[in-house]
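So the sequence lines, in the order shown, correspond to chains U and Y. The first sequence begins at 112 in my numbering and counts up by one. The second sequence begins at 19 in my numbering and counts up by one. C-beta atoms are modelled at their ideal positions from N, C-alpha and C, and glycine is treated no differently.
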Amino acid sequence: MAEFIAWVLVLAIAAYACAGGTDYGAGFWDLLAGGAERGKRPRWLIDHAMAPVWEVNNVWLIFVLVIMWTGFPTVFQAVFSALWLPLALAAVGLVLRGAGFALRKPTRRLAQRRVYGAMFAVSSLVTPFFLGAVLGGIASGRVKVGTTASADAWANGTSVLVGLLAVAATAFLGAVFLCSDALRFGAHDLVDYFRVRALIAFSAVVVLALIALPVTHDDARYVWDGLTGGLGLLLIILAAVCGLATVLLLLRRSHGWTRYTSVASVALTVGAWGCAQRPYALPTSLTVAEAAGAAHTLRWLMIVTAVAIVLVGPALVVLYRLDTMGELEELTDSDTGAVRAAGDNL
Amino acid sequence: MFSTAVLLANTPDQLLPARELMAFTLASHILLVPFGVALPFITLLMHHRGLRRNDPVALLLARRWSAVMAVQFAIGIITGTVLSFEFGLLWPGMMGRWGDVFGLGFGVEAWAFFLEAVLIAIYLYGWRRLKPWTHFWLAVPLPLAALMGAFGIIAANSWMNTPQGFGLDAQGKPIHVDVRQAIFTPMFGPEYWHFVVAMLLTAGYVVAGVYAVGWLRGRRDRYHRLGFTVPFTVAAILTPVQFMLGDSAARSVFHKQPVKFAALEIVWKTDTHVPEYLFGRMHPDGTISGGIKIPQLDSILAGFKPSTQVTGLTSVPASDRPTATQATIAHWAFDIMATIGSVLILLALWYAWSWWRHRDNPRGRWFYRCAASAGVACLFTVECGWITTEVGRQPWIVYQHMRVSEAVTSTHAAGIWTMLGIVMAVYVLVFGAFLAVVLKMRTRWRIADEGSAAARADLPPEADTPYGPRSEPEPAATGAAPDGGSGHTSGGAS
């Protein structure tokens, strides 16, 4: 039972990495889009593509936290005690990011849009880095029950590399999705713009992964072994294949499947990490079975999850379908009958 | 006084900042909750009216409200995410020990919230291209999802007030968890309905208040009339209901959490024929200064007769009950909540009387002044209600099972104080910007309405097809649209 819930948790993390990651990636490219004039078109696309779905994508994170404290309360306690600072910074980043994005849309003054846009973009970089660093800290076995908050738990080679990998992976996902969005919205000049960026981001992922191999060899030995052998290795290879397939499709400009292959590569990587950590919830100090909450709760957590999938699943499918079919469009000023007011310059 | 000092000396340094941080973030988040829970319902009412009667003014209102909802919901989601982080960052002790006992409520809430986010996205972004009734029906489950989300949160909070559904082993760790019992705790029912109605009431009065202000400023068109009447009617109908629910919730506290009740009513010694104090201040020796004393009333309110015995604070050791200051805070919050609730009933009666006699809203300026203040008063009441339940439970985080000081993180106080400073600065910025954006939207709409009223005297602002792509965007609107705002139809070129 605990094993099963642990997999649900891994799946939720994978879902957040893919759905939320795409949004972080969009924010990353927003940051690098250049000045107000040069970055106008990419920013317009990013706004349009993210708007209907980013809130839903964000809720995966809440779900991850809830499964963690309901299913594995001791793990939750240990992680939040040991990794206090990166988690606190990630939380602040989440606020700034969401507020920046939500407030930029209805703002009509260039100066204000710049401020909100900067808030959104910078925190899109900071938040995944710290969340990645948290995963790195856990994977390296630095978090144990009773570990108090210390810089060592997250300011180390493994954490920093996983943090950077997280940023690179979100940039990759973001660019791939924006490529397809550009096609969907008929902005053909932006297709190549984001195609190049997707390829660059993928190279960054590969380079960081290669650097990570020797760095984590001793530092995170248990997970390293898991990722270089057995089921973990198989998943990593599949992830690499999916990643390469994305690159090939991008090079051949056939964008139909790139979304799926890029998402698969990220999800499979998260899955590989889940495999590599087995049977531990906190590597080498606390197993999933030891960390599990009350059996009765886990059973109910499963029931609630099943009911929720039945309820939420169709709604989610409808949302993504409507979104990809272009049926979701923001209300414009002409819909709400707004006019230009003094001081508007956008 | 001495005992208070000893208690303070025994509490860890980080307790105060942790508490302040949690209080600040929750107090901010809770101001958005009424709109997350109830604004979709009120908007759908208006939307239904618009579609059913083919009423362009009602549709315009629904559309504008959903534009406000879009920004509000986003801010609510992020402040809500911060709270779930804070459970771990500030109270790891509680989550580590009790997470599997009471966490499931949050599980229900998270899924409900997920569903709400999906539905709200479809609703907000479906206005232009979905078929009118399809669009409406896709949003109908939205208020139900909101109710389910509230179910989860209140289940967790009521469990903290009246924990059950577990046994304890030799080390005091929970075993034999029974989830159903842990969700449906004695305080759950009273707390849940009181909360849900409070949210509907608050959203109704706040939205109506906006149009009451417009009415006072001389904008007496059908738009303002409709914008006022629909939400105000919802709130006015629920006001007396809320009064009964509040009363029953207070009586449940009397039965299930007698010490908390003693704090709310500042009762020092267990006794019969207990007087009621309206406001007033409790001192550490149990004396009370100030306030209005009404003999016997507290006993009567608690058990319908003067001989009802009310448990006092001194029935438990000083370390197990709120301090005099905390009791005074909870008492004031409780009294302010009850007072505002009672005044709102008068307002609702005024409205009902006018409809009964004249089939119309009251005409007087004073009615609209009161209606305009009702929204603000309600938000204030929501804060008071939350203070009542949280401060009244002190020093327990899990009533009679875990103290707040046992649950707090071991992180240094300095770190949490810094975090508090950062969060306060960020929240002031975010909420300020949110308010500014909403006010700016309102101004743009008002100017547009006034402009179009002058230009097209006989055409309502929505004479154009309310659904689907516009026939021809107004020149002014195109200029104000964000870059590429009409990007879809024009192939994304802007």
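Any chain Y beta carbon closer than 8 Å to residue i
i, result
"residue 376(U)", "no"
"residue 252(U)", "no"
"residue 447(U)", "yes"
"residue 214(U)", "yes"
"residue 407(U)", "yes"
"residue 240(U)", "no"
"residue 460(U)", "Outside the shown range of chain U, which is 112 to 457, sits residue 460(U), and nothing can be said about it."
"residue 401(U)", "no"
"residue 388(U)", "no"
"residue 404(U)", "yes"
"residue 267(U)", "no"
"residue 368(U)", "no"
"residue 440(U)", "yes"
Within-8 Å CB hit, residue i to chain U
i, result
"residue 85(Y)", "yes"
"residue 453(Y)", "no"
"residue 181(Y)", "no"
"residue 235(Y)", "no"
"residue 196(Y)", "yes"
"residue 467(Y)", "yes"
"residue 249(Y)", "no"
"residue 35(Y)", "no"
"residue 423(Y)", "no"
"residue 110(Y)", "yes"
"residue 173(Y)", "no"
"residue 30(Y)", "no"
8 Å CB neighbourhood of residue i in its chain, flanking five on each side removed
i, result
"residue 420(Y)", "111, 112, 115, 116 and 414"
"residue 397(Y)", "49, 52, 220 and 224"
"residue 434(Y)", "32, 35, 36, 39, 108 and 427"
"residue 29(Y)", "423"
Per-residue DSSP class, three states only, for residue i
i, result
"residue 284(Y)", "coil"
"residue 443(U)", "coil"
"residue 289(Y)", "strand"
"residue 311(Y)", "strand"
"residue 392(U)", "strand"
"residue 295(Y)", "strand"
"residue 414(Y)", "strand"
"residue 128(U)", "helix"
"residue 298(U)", "coil"
"residue 266(Y)", "helix"
"residue 116(Y)", "helix"
"residue 267(U)", "coil"
"residue 382(Y)", "coil"
"residue 275(Y)", "coil"
"residue 364(U)", "coil"
"residue 458(Y)", "helix"
"residue 73(Y)", "coil"
Paired residues, beta bridge with residue i - DSSP
i, result
"residue 193(Y)", "185(Y)"
"residue 306(Y)", "300(Y)"
"residue 398(U)", "391(U)"
"residue 420(Y)", "416(Y)"
"residue 328(Y)", "289(Y)"
Own chain residues within Cβ distance below 6 Å of residue i, not counting five before or after
i, result
"residue 298(Y)", "306, 308 and 309"
"residue 288(Y)", "329, 330 and 333"
"residue 197(Y)", "122"
Contact set for residue i: own chain, Cβ-Cβ below 7 Å, skip 5 residues either direction
i, result
"residue 124(Y)", "170 and 174"
"residue 383(U)", "338, 343, 346, 347 and 350"
"residue 475(Y)", "Here residue 475(Y) scores only 45 on pLDDT, less than 50, and its place in the model should not be relied on; the value that follows carries that caveat. Correct list: empty, nothing qualifies."
"residue 205(U)", "238"
"residue 513(Y)", "Only positions 19 to 512 of chain Y appear in this structure, which leaves residue 513(Y) out of reach."
Spell out a yes or no on whether the segment 85-98 of chain Y and the segment 388-403 of chain Y are touching, meaning 3 or more CB-CB pairs, one atom from each, closer than 8 Å.
-> Short answer: they don't touch.
Between the segment 199-211 of chain U and the segment 221-232 of chain U, are three or more C-beta pairs nearer than 8 Å?
-> The segment 199-211 of chain U, when compared against the segment 221-232 of chain U, does touch it at the 8 Å Cβ threshold.
Counting pairs of beta carbons, one from the segment 126-140 of chain U and one from the segment 231-243 of chain U, are three or more of them closer than 8 Å?
-> A contact exists between the segment 126-140 of chain U and the segment 231-243 of chain U.
Flag this pair as touching only if the segment 358-367 of chain U and the segment 388-406 of chain U have three or more C-beta atom pairs under 8 Å; answer yes or no.
-> Not touching, per the Cβ criterion.
Can at least three beta-carbon pairs, one atom from the segment 372-390 of chain Y and one from the segment 72-87 of chain Y, be found at a separation below 8 Å?
-> Verdict: no, contact absent.
Cβ contact check for the segment 193-208 of chain U and the segment 256-269 of chain U: 3 or more pairs under 8 Å | The segment 193-208 of chain U vs the segment 256-269 of chain U: in contact.
May I ask you to verify whether the segment 235-249 of chain U touches the segment 304-320 of chain U, counting CB pairs closer than 8 Å and requiring at least 3?
-> No, because fewer than three Cβ pairs between the segment 235-249 of chain U and the segment 304-320 of chain U fall closer than 8 Å, the two stretches do not touch.
contact_flag[the segment 348-366 of chain Y, the segment 311-331 of chain Y] where n(CB pairs < 8 Å) is 3 or more = Touching, no, given that fewer than three Cβ pairs across the two stretches are closer than 8 Å.
Are the segment 414-434 of chain U and the segment 133-149 of chain Y in contact at 8 Å, needing three or more beta carbon pairs?
-> Enough Cβ pairs lie closer than 8 Å, so yes.
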